[in-house]
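Enquirer: In the working numbering, the protein residues as written are 9 to 339.
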Amino acid sequence: MSPHSAARIYRGTGRNLSLLAAQLKRGELVAVPTETVYGLAANAFDTSACRKIFRAKGRPTRDPLIVHFHDLKELDAIAVANPAALKLARAFWPGPLTIVLPKRKTIPAIVSAGLPSVAVRMPAHPLFRRLLKLTGRPLAAPSANVFGYVSPTTAEHVRHGLGRKIRSILDGGPAQIGLESTIVDLRDPMQPRLLRPGAVTRAELERVLGQVVPLAGATGKKSGNPRAALVAPGTMKRHYSPQTPVVLHETMPPRRAEDEAWLFVAKPAGTRAANVFWLDARGELGGAARTLFAQLRRLDRGGFRKIHVELPCGPGLAEAIVDRLRRAAAK
Ligand code: TXA
Ligand code: MG
9 MSPHSAARIY RGTGRNLSLL AAQLKRGELV AVPTETVYGL AANAFDTSAC RKIFRAKGRP
69 TRDPLIVHFH DLKELDAIAV ANPAALKLAR AFWPGPLTIV LPKRKTIPAI VSAGLPSVAV
129 RMPAHPLFRR LLKLTGRPLA APSANVFGYV SPTTAEHVRH GLGRKIRSIL DGGPAQIGLE
189 STIVDLRDPM QPRLLRPGAV TRAELERVLG QVVPLAGATG KKSGNPRAAL VAPGTMKRHY
249 SPQTPVVLHE TMPPRRAEDE AWLFVAKPAG TRAANVFWLD ARGELGGAAR TLFAQLRRLD
309 RGGFRKIHVE LPCGPGLAEA IVDRLRRAAA K
């Protein structure tokens, strides 16, 4: 492919889905819509296909991929489930929950970054589900962004970042949730741990499991916790980052520099400045999560010196939004 050719965006017609399924079966990459963020998919059983994912994203191979599948019947060929995992599966799949389990030998080492575990998820997006069914095999897919940048929530975002690295993008509209899936570690069903907060909240997990689900410590170069880093590689502190410096505020200051962007959770009363933005007019967290990444991308291209962001507060979805913002702001 010439370096100037841009990826093609396909609508989800029957004909296009068959064509994209054929590409996946041939070992090619296809960017796919999910209810969380767009993913960059390859046949999870095919080492060389999965290797292309890392190359396209510039992602280090120590950062493992999530394996997506269509039907619970397929899980046994991918991972070793346990009763706790099946409880969560019944409650939240298809949906924005990823579960880390001991892996089967069928999943190549490239997918799990050499770990004996694998992250699995049954996604809810209807077009991705149809594509999974047509392809007839599980698909490994990380978020479809250049490594380290903000995750994509539209087909256009994918093309903007990876358009010269991949050929095909399936357009499923703007992502419904807008934040990456919740990841829970259930390798040991007696000791569940939250590896990444998301739309399935910690309280919901605890209710279904009937036990406490502590948050695993933030990992990465700066956390000083090498053991945690081994368990959840890729949950690095700096991630999802715009190029423009991001500054977080519990409360936004009243004096605001004009060449800096000010992103509120809700629409602030009585401000009309061109550098004031908000995530959701009424400050609803579902809406805020849905627009967060698109807003960060837009402001990143807006020529501002800094992007100031107001932190939402509270449990549930706020925990996931704050997590992404802290990563975006990490130096
Ligand atoms: O919502 C999502 O989860 C999206 C869509 C495409 O499904 N995917 C996504 O993938 O966010 P990615 O690669 O950006 O994040 C996956 C993360 C890895 O960075 C790593 O932290 C964790 O999942 N992970 C994957 N396999 C793991 C494993 N075996 N043990 C621990 N963590 C794992
Ligand atoms: Mg990612």
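By construction, the Cβ of each residue, glycine as well, lies at the ideal position given by its N, Cα and C atoms.
Nearest CA to the CA of L287: which residue from L217, T279, A29 and F272?
Expert: Considering only alpha carbons, the answer is F272.
Enquirer: If we count the other Cβ atoms within 10 Å of its Cβ and call it buried at 16 or more, is P241 buried or exposed?
Expert: With a pLDDT of only 47 at P241, under 50, the local geometry of the prediction cannot be trusted, and no value is derived from it.
Enquirer: CB-CB under 6 Å to M9, same chain, minus the five flanking residues each way: which ones, in chain order?
Expert: Caution applies to M9, whose pLDDT of 45 falls short of 50 and renders its modelled position unreliable; the model cannot decide the point.
Enquirer: Could you give the DSSP three-state label for I315: helix, strand or coil?
Expert: Three-state DSSP puts I315 in a strand.
Enquirer: Let me know the alpha helix (DSSP H) ranges lying completely inside the region 29-105, each 4 residues or longer, listed in chain order.
Expert: Those alpha helix (DSSP H) runs which fall completely within the region 29-105 and span 4+ residues are 55-65 and 91-100.
Enquirer: On the DSSP letters alone, give me the boundaries of the alpha helix (DSSP H) that I174 sits inside.
Expert: Run containing I174: none; DSSP gives neither H nor E here.
Enquirer: Confirm the yes/no value for this check: CB of L300, any heavy atom of ligand 4, distance under 6 Å.
Expert: The ligand content of the structure shown is limited to ligand 1 and ligand 2, which means ligand 4 is not among them.
Enquirer: Could you give the DSSP three-state label for D288: helix, strand or coil?
Expert: Residue state, collapsed to three classes: coil.
Enquirer: Report yes or no: do three or more beta-carbon pairs, one from the region 13-30 and one from the region 121-129, lie closer than 8 Å?
Expert: Too few Cβ pairs lie closer than 8 Å, so no.
Enquirer: Closer than 6 Å to a non-hydrogen atom of ligand 2 - does that hold for the CB of S56?
Expert: Checking the Cβ of S56 against ligand 2 gives no.
Enquirer: Could you compute how far the alpha carbon of D79 sits from the alpha carbon of L135?
Expert: Whole-angstrom Cα-Cα distance: 14 Å.
Enquirer: What is the DSSP secondary structure of K339, counted as helix, strand or coil?
Expert: Coil at K339, not helix or strand.
Enquirer: Alpha carbon to alpha carbon, what distance is there between K339 and T162?
Expert: If you take the alpha carbons of T162 and K339, they lie about 26 Å apart.
Enquirer: With a threshold of 6 Å, establish whether the CB of T69 neighbours any heavy atom of ligand 1.
Expert: No, the Cβ of T69 stays beyond 6 Å of every heavy atom of ligand 1.
Enquirer: Could you give the first and the last residue of the continuous beta strand (DSSP E) run that contains R201?
Expert: Segment R201 to R204, the beta strand (DSSP E) holding R201.
Enquirer: What's the call for L223, buried or exposed, on a 16-neighbour Cβ count within 10 Å?
Expert: Flag for L223 reads exposed.
Enquirer: Give me the Cα-Cα distance between F301 and G206, rounded to the nearest whole angstrom.
Expert: Rounded to whole angstroms, F301 to G206 spans 14 Å at the Cα level.
Enquirer: Consider the C-beta atom of G47 and the heavy atoms of ligand 1; say whether any pair is separated by less than 6 Å.
Expert: Checking the Cβ of G47 against ligand 1 gives yes.
Enquirer: Between the alpha carbons of L140 and A211, how many angstroms are there, rounded?
Expert: For L140 and A211, the distance between alpha carbons rounds to 30 Å.
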